[in-house]
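Reminder that position 27 of the sequence shown reads as 27 in the UniProt record's numbering, one-by-one numbering, no gaps. Data block below; observations after.
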Amino acid sequence: MQVKSRHHLRSDDVSAVETAVGDRLGVDLDGDAYELVEFEDSDWEVVLVDGEPLVAYFDEEPFLTVRGANATEPSDRLVIVDAGAVSFVSDGADVMRPGIADVRGDVAEGDLVLIAEESHEKVLAVGRSRVDSDDLLGDSGKVIDSLHFVGDDLYTFSG
1 MQVKSRHHLR SDDVSAVETA VGDRLGVDLD GDAYELVEFE DSDWEVVLVD GEPLVAYFDE
61 EPFLTVRGAN ATEPSDRLVI VDAGAVSFVS DGADVMRPGI ADVRGDVAEG DLVLIAEESH
121 EKVLAVGRSR VDSDDLLGDS GKVIDSLHFV GDDLYTFSG
């Protein structure tokens, strides 16, 4: 991914990012330096926190990246998938109900969520939920659209 622009965020923008991520996921970023990176060939905008791509904007909404989630251990909006779903989710597949083992925190239709594997709870992807928490578990149907996953261009980007 070719960088189009890169600049430090103002303190009010930093506060907005920290508050949004903290409120949604229960994490405290607490970085010293925040930079916004825009790309030539992508709609993604990434916030580097102390040089690491921990936050990205998904439809203008700041949210942890996969690397950011694994660095901060979020407690909310976490969807846990079973071992059978791991390879599919890691390759960018959308999440189906039968693959979901657990849901942590309240999720509303349209919310961004983190998708983690069951055994070690490592985050594999970021997605957008098609349904509320109560409807995520079940026997059939696609319930989360994948937006960012292990191995995609955003994951492999280094500040």
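Note that the Cβ used here is the ideal one computed from N, Cα and C, for glycine as well. Fair warning: this is a prediction, and the values are worked out from it, not measured in the lab.
Item                                                                                                                         : Value
Residue burial classification, Ala69 (beta-carbon count within 10 angstroms, cutoff 16)                                      : buried
Where the alpha helix (DSSP H) containing Gly68 begins and where it ends                                                     : 66-72
Exposed unless 16 or more other CB atoms sit within 10 angstroms - verdict on Ser140                                         : exposed
Distance, Val3 Cα to Phe39 Cα                                                                                                : 4 Å
Proximal residues to Asp76 (C-beta, below 7 Å), its chain only, five neighbours per side dropped                             : Arg24, Leu25, Gly26, Arg104, Gly105
Coil, strand or helix - Ser146 by DSSP                                                                                       : strand
Boundaries of the alpha helix (DSSP H) in which Ala16 is found, first to last residue                                        : 11-25
Beta-carbon contacts of Leu124 that lie in its chain and below 8 Å, excluding the five residues immediately before and after : Val66, Val81, Val86, Val89, Ser90, Ile115, Ala116, Glu117, Phe149, Val150
Contiguous alpha helix (DSSP H) assignments of at least 4 residues, all confined to the stretch 61-131                       : 66-72, 83-90
Residues of its chain near Asp41, where Cβ-Cβ distance is below 7 Å and the 5 sequence neighbours each way are ignored       : Met1, Gln2
Host beta strand (DSSP E) of Leu48 (start-end)                                                                               : 45-49
Cross-strand partners of Phe58 (DSSP beta bridge)                                                                            : Glu61
Span of the beta strand (DSSP E) around Leu36                                                                                : 34-39
Given Ala108 as reference, the closest of Ile144, Ala101, Val95 once Cα atoms are compared                                   : Ile144
In DSSP terms, what Ser5 is bridged to                                                                                       : Glu38
Integer Cβ distance of Leu112 from Val126, believed to fall under 8 Å                                                        : 6 Å
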